[in-house]
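Single-structure report; data block below.
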Amino acid sequence: MSSPAPQTLLHENPFQLLGVSPRDNRQRIVEKAETRGLEVDHERCQQARAQIVNPRTRLAAEVSWLPGVSPSRASQIVRRIAEEPQVVRGETGLPGLARANALVAAVESAGLCRDVDAEAVTIREIAVLVDRLDLEEIRRDINEDRAVAGFPALASVEQLEEAVGAHKRRIREVIHDALDRLPTSELIAVMTRAAEASTDGGEYHAPELMDALIEAYATEAHAFLETEATNVDKLIGVAREVAAHDGIALSRMVDAIERVTRNWDRVAQPIQLSLKARGLEHEESVRVAVAIRSLSVDLVNQHQRLDESYRLTRLLQEVFAEVPEVVERVDADAHTLAEMADDREEWLREISYQAEVGILSKRTLQISEEGVSWASKRYPLKSISRVRWGAMRHSYNGIPTGTTYTIGFGDKADESVVTLRTQKVYSEFVDRLWRAVGPQLAVQTLKRLESGEQLRFGDAVVADDFVILKRHKLLGQKESVKCRWRDVHVWSADGAFIVGAQKDAKVYAQMSYIDVANAVVLEFVITRKFKVAGDLLSDLLRSE
């Protein structure tokens, strides 16, 4: 028992249904319709006959057949499509429309061949063939058959335009349906390969059929892309929350952002390629990329997270290469980050230091990228919230007995204090400690003041726009005096940083460098503020 004929545009064509060719005359068509009506559906045969004996309605059947191909070869091609549809792809020497119709019928008969590269090649070839159809050539081929069959010739290509346009739409529906039958992952891969090949990576406009297929794909992919874009936004939000205090959690969030974004882009790529080739931007891609880039910029500017920022920038370069607007911005970011990485390497060399302290029982004092450590305690650089240091000279009966050097550093919960006898170790370590954490402590102090906090340093209470000092009296309690920053001056004396009122020598506050945490930070901030216009210490945050 023979298998039923496939339902394709060719096998359903009136010429194939009746077993006639475009070169058969009316009498032959009528006779075959009566004979075939005894074998298959009689009404269908009569409808087919009516269509192809009428010169006007006949055109749709001619366009969807194999114009320009001899009747014997046309019958052979149709038979081979039913038996071995993939073999038809190797047919050569066919006119453009005939080859397009044969390939479309092969796709209808067997579906796409489940080989991603071959599927993409087939779709691209059909799209190119349809895009390059020569109406004058088609008119000539049809008229040659009509002349033999005795039907009136087509006078102009204008008579063809409507029929060919309708046929193109049917071809698009066939390819779309074949793609829909593929597993999702394979569909995405095929559309991506076909889009890449059709646009040469987004450099040239794709054939009209390819753009139409991608537009339909974009419509169906919209819900997925929207959901994944929302997921990226949520992950970015979490990354911002943990960036300041949890490097491990931040790294995990960056991993998740990369995973979701790559999955998102895998689906979006065909759309990006098509739009790029037309000189347009994929708005959803730009939105996702801008959100990720914003996180990348904030990570490096606000939290000095250079590694995570670089990872996000590299991700953007890789997955949004088809979006010109994104590429331009991100390439500039990558250049900046590369310069920052060089600066960071130099900074790491500058802060790295290690010394053995003690005579009998030696302990290690060290500073590196991992943090500051003394003996068994280690403080990550990001965790350090206070520093203090200074030297104290000692004497006995007026005779100098030496100098001790004190260094203190710690986080919010704990502090380590190192006492040294060697000035060289003290100076070298303090210099590196300030390079490592001084700027971040200054920024943190300024941000706290900007938010409205008032901070105590020894006798002084510091606010963003004023400082409360003490009026020193010979007898009685000290009196608090509020001064604007423009009304004070600063100096150092006897191992202390001093802030005093310009017009009253008795109004001042002093902060011992050894005893008061972050006195050196306050000195750095105030002395820098005097060089910047404005009434607030936090104006420094907005200065160059």
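Residue numbers (this note's numbering): 1050 to 1593.
Glycine included, every Cβ here is placed at the ideal spot set by N, Cα and C.
Presumed contact (8 Å Cβ cut-off) between residue i and residue j, rounded CB distance
{"i": "L1365", "j": "E1245", "result": "No, L1365 and E1245 are not in contact; Cβ-Cβ is about 20 Å, not under 8 Å."}
{"i": "I1078", "j": "L1067", "result": "7 Å"}
{"i": "P1063", "j": "A1131", "result": "Their Cβ separation, rounded to whole angstroms, is 17 Å, which puts P1063 and A1131 out of contact at 8 Å."}
{"i": "V1006", "j": "V1335", "result": "The shown model of the chain, from 1050 to 1593, leaves out residue 1006, and the question about it has no answer."}
{"i": "A1326", "j": "Y1402", "result": "56 Å between Cβ atoms; not a contact."}
{"i": "I1400", "j": "R1481", "result": "5 Å"}
{"i": "Y1454", "j": "Y1428", "result": "Going by Cβ atoms, the distance from Y1454 to Y1428 rounds to 19 Å, so no, they are not a contact pair."}
{"i": "A1568", "j": "S1561", "result": "7 Å"}
Beta-bridge partners of residue i, as assigned by DSSP
{"i": "W1540", "result": "I1547"}
{"i": "F1478", "result": "Per DSSP, none; premise fails for F1478."}
{"i": "S1529", "result": "K1519"}
{"i": "V1421", "result": "I1416, Y1428"}
{"i": "G1459", "result": "R1435, E1464"}
{"i": "P1449", "result": "S1444"}
{"i": "A1566", "result": "BP columns for A1566 are empty, so no partner."}
{"i": "Q1076", "result": "In the DSSP output, where bridge partners are listed per residue, Q1076 has none listed."}
{"i": "F1506", "result": "A1509"}
{"i": "A1167", "result": "DSSP lists no partner for A1167."}
{"i": "Q1559", "result": "I1547"}
{"i": "Y1454", "result": "A1440, L1469"}
Between the CA atoms of residue j and residue i - distance to the nearest angstrom
{"i": "L1299", "j": "L1355", "result": "12 Å"}
{"i": "D1229", "j": "D1166", "result": "17 Å"}
{"i": "L1469", "j": "D1314", "result": "58 Å"}
{"i": "V1372", "j": "R1378", "result": "11 Å"}
{"i": "S1417", "j": "T1310", "result": "34 Å"}
{"i": "V1069", "j": "S1124", "result": "10 Å"}
{"i": "R1577", "j": "A1491", "result": "11 Å"}
{"i": "A1512", "j": "N1280", "result": "41 Å"}
{"i": "N1350", "j": "V1291", "result": "15 Å"}
{"i": "A1305", "j": "I1285", "result": "10 Å"}
{"i": "V1565", "j": "F1506", "result": "7 Å"}
{"i": "V1368", "j": "A1317", "result": "10 Å"}
{"i": "Y1075", "j": "P1104", "result": "Per the sequence shown, the amino acid found at residue 1075 is Arg instead of Tyr. Straight-line Cα distance between these residues: approximately 11 Å."}
{"i": "I1517", "j": "D1536", "result": "12 Å"}
{"i": "A1278", "j": "V1337", "result": "6 Å"}
{"i": "Y1359", "j": "S1345", "result": "7 Å"}
{"i": "K1531", "j": "M1302", "result": "46 Å"}
{"i": "V1581", "j": "D1588", "result": "7 Å"}
{"i": "M1050", "j": "I1320", "result": "Annotation note: pLDDT 37 at M1050 (below 50); position unreliable, no value reported."}
{"i": "V1539", "j": "L1586", "result": "14 Å"}
{"i": "Y1445", "j": "W1396", "result": "43 Å"}
{"i": "P1071", "j": "A1227", "result": "29 Å"}
{"i": "A1154", "j": "E1133", "result": "11 Å"}
{"i": "I1263", "j": "L1058", "result": "23 Å"}
{"i": "V1421", "j": "V1287", "result": "28 Å"}
{"i": "A1485", "j": "Y1266", "result": "53 Å"}
{"i": "H1521", "j": "W1534", "result": "19 Å"}
{"i": "A1196", "j": "E1210", "result": "21 Å"}
{"i": "L1115", "j": "R1148", "result": "8 Å"}
{"i": "V1089", "j": "L1324", "result": "48 Å"}
6 Å Cβ shell around residue i - same chain, five flanking residues per side excluded
{"i": "K1519", "result": "D1508, K1527, A1558"}
{"i": "I1456", "result": "W1438, V1467"}
{"i": "P1055", "result": "A1131, S1158"}
{"i": "W1423", "result": "L1414, S1465, V1467"}
{"i": "A1215", "result": "none"}
{"i": "I1126", "result": "A1151"}
{"i": "T1106", "result": "Q1100"}
{"i": "A1082", "result": "L1067, C1094, R1098"}
{"i": "M1441", "result": "T1453"}
Contacts around residue i, its chain only, beta-carbon distance under 7 Å, and the 5 residues preceding and following it disregarded
{"i": "A1169", "result": "V1239, R1242, A1243, A1246"}
{"i": "L1182", "result": "G1145, L1146, V1213"}
{"i": "L1348", "result": "A1292, R1354, E1357, S1358"}
{"i": "V1206", "result": "L1184, E1185, R1188"}
{"i": "L1274", "result": "W1313, V1316, A1317, E1333"}
{"i": "I1596", "result": "The displayed coordinates of the chain run from 1050 to 1593. Any statement about residue 1596 would go beyond what the structure contains."}
Neighbourhood of residue i by C-beta, 8 Å cutoff - its chain only, sequence neighbours within 5 removed
{"i": "L1258", "result": "I1175, A1176, V1179, D1180, K1217, I1220, R1221, I1224"}
{"i": "K1426", "result": "D1463, S1465"}
{"i": "I1341", "result": "V1281, I1285, I1306, T1310, L1361, L1364, L1365"}
{"i": "N1596", "result": "Any property of residue 1596 remains undetermined from this structure, which presents the chain solely from 1050 to 1593."}
{"i": "R1591", "result": "none"}
{"i": "L1152", "result": "V1137, R1138, T1171, E1174, I1175, L1178"}
{"i": "V1570", "result": "V1436, G1487, L1490, A1491, T1494"}
{"i": "R1085", "result": "L1066, L1067, G1068, C1094"}
{"i": "D1584", "result": "D1514, R1533, W1534, R1535"}
query = Hey, is the region 1392–1411 in contact with the region 1447–1464, meaning 3+ C-beta pairs nearer than 8 Å?
reply = Below 8 Å, too few C-beta pairs join the region 1392–1411 and the region 1447–1464 to call them touching: fewer than three.
ask   = Is the number of C-beta pairs between the region 1529–1548 and the region 1493–1503 that are closer than 8 Å three or more?
value = In this structure the region 1529–1548 does not touch the region 1493–1503; the number of beta carbon pairs closer than 8 Å is below three.
request  = Spell out a yes or no on whether the region 1127–1140 and the region 1096–1106 are touching, meaning 3 or more CB-CB pairs, one atom from each, closer than 8 Å.
outcome  = no
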